[in-house]
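Just so you know, the protein sequences line up as chains X and U, in that order.
Residue 128 in the UniProt record's numbering sits at position 128 of the first sequence, with consecutive numbering throughout.
Residue 49 in the UniProt record's numbering sits at position 49 of the second sequence, with consecutive numbering throughout.
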Amino acid sequence: MTDHAIFPPRAGLVARGVDWVIRHPRMFTFLMILPIVLWLGIVYIGALIALLMQSFFSIDEFSGVVKHEFTLSTYAELLRPSNFDIIARTVVMAGSVTLASAVLAFPIAYFAARYARGKWKALFYIGVMLPLWSSYLVKVYAWKLVLAKEGILNWVFAKLHLTWALDGILSLPVIGGNSLSVSYLGTFIVFVYIWLPYMIIPVQASLERVPGPLLEAASDLGATPRQSFRMVLFPLALPGIVAGSIFTFSLTLGDYIIPQIIGSGRLFIGQAVYTQQGTAGNIPLAAAFTVVPIVLMGFYLWGARKMGAFDAL
Amino acid sequence: MHSDTKAPLALKLSAIGGLVFLLAPIALIFLYAFTTEEKSYQFPPPGLTLKWLGVTLGRGDVWQALGLSLKVAAISTSIALVLGTLTAAAVARSRFFGREAISLLVILPIALPGIITGISLRSAFALLDIPFSTWTIVLGHATFCIVVVYNNAVARFRRTSGSLIDAAMDLGADGVQTFRLVILPNIGTALLAGGMLAFALSFDEVIVTTFTAGNQSTLPIWMLEELVRPRQRPVTNVVAMAVVLVTVLPILAAYYLTKDGENTAGSEK
Numbered sequence: 001m002t003d004h005a006i007f008p009p010r011a012g013l014v015a016r017g018v019d020w021v022i023r024h025p026r027m028f029t030f031l032m033i034l035p036i037v038l039w040l041g042i043v044y045i046g047a048l049i050a051l052l053m054q055s056f057f058s059i060d061e062f063s064g065v066v067k068h069e070f071t072l073s074t075y076a077e078l079l080r081p082s083n084f085d086i087i088a089r090t091v092v093m094a095g096s097v098t099l100a101s102a103v104l105a106f107p108i109a110y111f112a113a114r115y116a117r118g119k120w121k122a123l124f125y126i127g128v129m130l131p132l133w134s135s136y137l138v139k140v141y142a143w144k145l146v147l148a149k150e151g152i153l154n155w156v157f158a159k160l161h162l163t164w165a166l167d168g169i170l171s172l173p174v175i176g177g178n179s180l181s182v183s184y185l186g187t188f189i190v191f192v193y194i195w196l197p198y199m200i201i202p203v204q205a206s207l208e209r210v211p212g213p214l215l216e217a218a219s220d221l222g223a224t225p226r227q228s229f230r231m232v233l234f235p236l237a238l239p240g241i242v243a244g245s246i247f248t249f250s251l252t253l254g255d256y257i258i259p260q261i262i263g264s265g266r267l268f269i270g271q272a273v274y275t276q277q278g279t280a281g282n283i284p285l286a287a288a289f290t291v292v293p294i295v296l297m298g299f300y301l302w303g304a305r306k307m308g309a310f311d312a313l
Numbered sequence: 001m002h003s004d005t006k007a008p009l010a011l012k013l014s015a016i017g018g019l020v021f022l023l024a025p026i027a028l029i030f031l032y033a034f035t036t037e038e039k040s041y042q043f044p045p046p047g048l049t050l051k052w053l054g055v056t057l058g059r060g061d062v063w064q065a066l067g068l069s070l071k072v073a074a075i076s077t078s079i080a081l082v083l084g085t086l087t088a089a090a091v092a093r094s095r096f097f098g099r100e101a102i103s104l105l106v107i108l109p110i111a112l113p114g115i116i117t118g119i120s121l122r123s124a125f126a127l128l129d130i131p132f133s134t135w136t137i138v139l140g141h142a143t144f145c146i147v148v149v150y151n152n153a154v155a156r157f158r159r160t161s162g163s164l165i166d167a168a169m170d171l172g173a174d175g176v177q178t179f180r181l182v183i184l185p186n187i188g189t190a191l192l193a194g195g196m197l198a199f200a201l202s203f204d205e206v207i208v209t210t211f212t213a214g215n216q217s218t219l220p221i222w223m224l225e226e227l228v229r230p231r232q233r234p235v236t237n238v239v240a241m242a243v244v245l246v247t248v249l250p251i252l253a254a255y256y257l258t259k260d261g262e263n264t265a266g267s268e269k
């Protein structure tokens with residue numbers, strides 16, 4: 001790039017301006033990143049910082065007005081039993097959803113990667129992509145149809161003369177309830193359904209990379225199927241499982257719509273944020289609640305990175 | 001990885017069971033769109049009818065919500081295309097101070113849960129006294145749409161040779177000509193793919209939208225209100241089916257378009 005180009009300077013102010021910018025690469029780069037820095041810097045980071053600052057304010061218990069002075073009392077409020085329960089409940093749910101997704105995803109991913117051919121391969125592809133790309137709300141709605149008292153699931157149990165088994169499960173403390181659509185178990189099933197494709201895809205990708213002869217060698221050398229799974233297949237699939245678990249864990253932590261529609265009415269973090277900023281008008285507490293998933297995901301990503309999950313994405 | 005041996009029966013059964021779990025609820029949507037039952041989610045449906053298709057087509061609020069969704073998705077995608085492409089070009093082409101920070105910044109809105117984006121925008125609107133409008137929805141949507149355009153474009157820019165641009169300039173093309181005749185044809189398909197993803201993402205978004213929409217209804221917000229307080233179950237059933245159809249057809253098309261290429265590449269041993 002030199003100022004003495006072979007061609008004479010072009011006519012017109014715009015053309016000259018464009019040429020001048022192109023001849024100054026630093027200026028060119030600066031102009032290219034300026035819009036994104038302005039947009040995300042102001043719209044996103046600005047809003048995020050403004051929110052996080054509010055978590056250091058507190059609300060006056062009597063007047064309901066936000067007091068604009070630095071305090072950690074809002075964070076202390078998170079440790080109150082009623083609020084701490086919400087956090088613990090959400091984390092336990094996110095953990096169990098992640099575990100169940102991994103257990104359910106493995107056979108599907110393994111079969112699709114190792115045995116499915118032709119028509120079956122097509123069916124498995126569509127079977128994963130269709131629920132992944134379908135509208136989130138339509139999927140939740142479909143489960144409302146499935147879990148309704150007069151819906152298909154109860155009908156199937158009745159036809160199989162297994163209604164007693166379903167009632168038995170629903171009468172269990174904590175996870176049970178009057179019906180599946182108003183119990184933790186229902187919330188759990190819907191969470192697993194909605195996030196399962198996010199687990200299958202990375203697990204299948206990591207299993208596709210396992211050479212078939214490796215498993216044959218393991219069994220030739222006398223490993224039982226259980227041993228070759230535990231010592232060969234599982235360690236090789238683990239980065240894929242950890243990669244998938246980032247999605248299932250993070251998405252469950254932040255969701256507030258599923259437990260609102262199918263659940264026992266007890267709050268999750270997302271719902272707590274929503275009600276605190278909305279009807280309760282306690283923005284500082286809502287802000288403090290949003291810090292919880294941010295911190296948790298920070299630790300989770302740090303751990304996942306150590307296990308090599310980012311190479312499996 | 002593939003094997004000529006047969007799958008163990010237990011594996012086969014659990015894989016097929018998983019597939020049924022994934023697909024059955026979506027199939028159910030199609031059945032319910034034709035049920036004659038209006039007050040509950042009764043299974044099996046007492047009868048089947050085409051009546052509700054017509055009723056839904058005549059519903060003004062559904063069309064209005066659909067119109068707003070399409071408008072927001074179109075504007076957000078356009079903004080995301082411009083910002084995402086510029087950023088991708090800068091990050092892929094040159095090294096500068098803060099380059100890593102920029103790529104992290106772009107990914108952040110999608111890496112953090114949507115509720116965080118939503119509530120921070122809402123509290124910012126409240127602080128600045130900005131009234132809710134179509135533009136506040138667009139502001140939120142464009143923010144998380146940028147990343148999908150960026151991801152597609154940055155991968156393409158890395159594979160496109162920079163000397164092409166230098167050659168065009170050396171041969172006397174001005175900046176605008178170079179962009180139109182050299183850069184755009186090279187990155188066109190990546191932008192199309194990124195744009196489609198961004199459009200789909202915006203069209204289906206509900207979490208951020210609940211915080212930035214005020215009283216307006218996009219199609220997902222309309223759906224959410226029906227889910228929380230069901231008022232017109234038959235109409236909701238039909239809308240749900242229409243939304244599934246809109247997403248199914250592109251997936252099937254994409255599969256059949258890419259399938260043949262895979263086979264000739266010798267993946268079938």
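Ideal Cβ positions, reconstructed from N, Cα and C, are used throughout, including at glycine.
- Close partners of Lys-12 (chain U) in chain X (Cβ separation under 7 Å): Phe-111.
- Distances from the CA of Phe-111 (chain X) to each of U:Ala-10, U:Arg-231 and U:Ser-217 were compared; the closest alpha carbon is that of U:Ala-10.
- In this structure, DSSP gives Ser-206 (chain X) a helical state, which the three-state scheme calls helix.
- Ile-59 (chain X) and Leu-78 (chain X) have their C-alpha atoms some 14 Å from each other.
- Spanning the alpha carbons of Pro-45 (chain U) and Tyr-32 (chain U) requires a straight line of approximately 7 Å.
- Residue pairing by DSSP puts Leu-48 (chain U) in a beta bridge opposite U:Thr-35.
- Going by beta carbons, Leu-86 (chain U) and Met-32 (chain X) fall inside the 8 Å limit.
- Look at Ser-58 (chain X) here: in three-state DSSP terms it is strand.
- Ile-207 (chain U) and Gly-168 (chain X) have their alpha carbons spaced roughly 35 Å apart.
- Secondary structure of Val-174 (chain X) (DSSP, three-state): coil.
- Secondary structure at Lys-67 (chain X): strand, using DSSP grouped into helix, strand and coil.
- Here DSSP, grouped into helix, strand and coil, assigns Lys-306 (chain X) to helix.
- Taking 8 Å as the threshold, the shortest C-beta distance from Ala-243 (chain X) to chain U does not fall below it.
- Contact annotation: in the stretch 148-164 of chain U, residues whose CB is within less than 9 Å of a CB in chain X are Tyr-150.
- For Leu-233 (chain X), the secondary structure class from DSSP, reduced to helix, strand or coil, is helix.
- Rounded to the nearest angstrom, the Cβ distance from Val-238 (chain U) to Thr-56 (chain U) is 4 Å, consistent with a contact under 8 Å.
- For Thr-218 (chain U), no alpha helix (DSSP H) run applies, since DSSP gives it neither H nor E.
- In the three-state scheme derived from DSSP, where H, G and I count as helix and E and B as strand, Thr-252 (chain X) is classed as helix.
- Here the stretch 111-119 of chain U makes no contact with the stretch 164-181 of chain U; the two share fewer than three CB pairs at distances below 8 Å.
- In terms of Cβ geometry, Ile-251 (chain U) and Ile-126 (chain X) form a close pair [threshold 8 Å].
- Contact with chain X is absent for Asp-129 (chain U), since none of that chain's Cβ atoms lies less than 8 Å from the residue's Cβ.
- Per the coordinates, the alpha-carbon of Ala-304 (chain X) lies some 25 Å from the alpha-carbon of Val-190 (chain X).
- Shown here, Lys-71 (chain U) sits in a helix according to DSSP, grouped into three states.
- The straight-line gap separating the alpha-carbon atoms of Tyr-115 (chain X) and Pro-225 (chain X) is approximately 16 Å.
- A check of alpha carbon separations from Met-199 (chain X) across X:Val-140, X:Ser-250 and X:Gly-46 identifies X:Ser-250 as the nearest.
- The Cβ neighbour count for Pro-239 (chain X), taken over all protein chains shown within 10 Å, is at least 16; the residue is labelled buried.
- Going by C-alpha positions, Leu-66 (chain U) is about 44 Å away from Arg-26 (chain X).
- Between Leu-40 (chain X) and Ser-120 (chain U), the gap from beta carbon to beta carbon reaches 8 Å or more.
- For the 8 Å CB-CB criterion, Pro-107 (chain X) and Ser-14 (chain U) form a contact.
- Using a C-beta cut-off of 8 Å, the stretch 92-108 of chain U makes no contact with the stretch 222-237 of chain U, since fewer than three inter-stretch Cβ pairs fall below that distance.
- Using a Cβ distance threshold of 8 Å, Ile-22 (chain X) and Phe-30 (chain X) do not count as a contacting pair.
- The C-alpha of Ala-288 (chain X) lies about 6 Å from the C-alpha of Tyr-75 (chain X).
- A direct Cα-Cα distance of roughly 14 Å separates Phe-203 (chain U) from Gly-194 (chain U).
- In this structure, DSSP gives Leu-171 (chain U) a state outside helix and strand, which the three-state scheme calls coil.
- For Pro-259 (chain X), there are no C-beta contacts with chain U under 7 Å, since the nearest C-beta of that chain is about 12 Å from it.
- Nearest CB-CB separation between Val-72 (chain U) and chain X: not below the 8 Å threshold.
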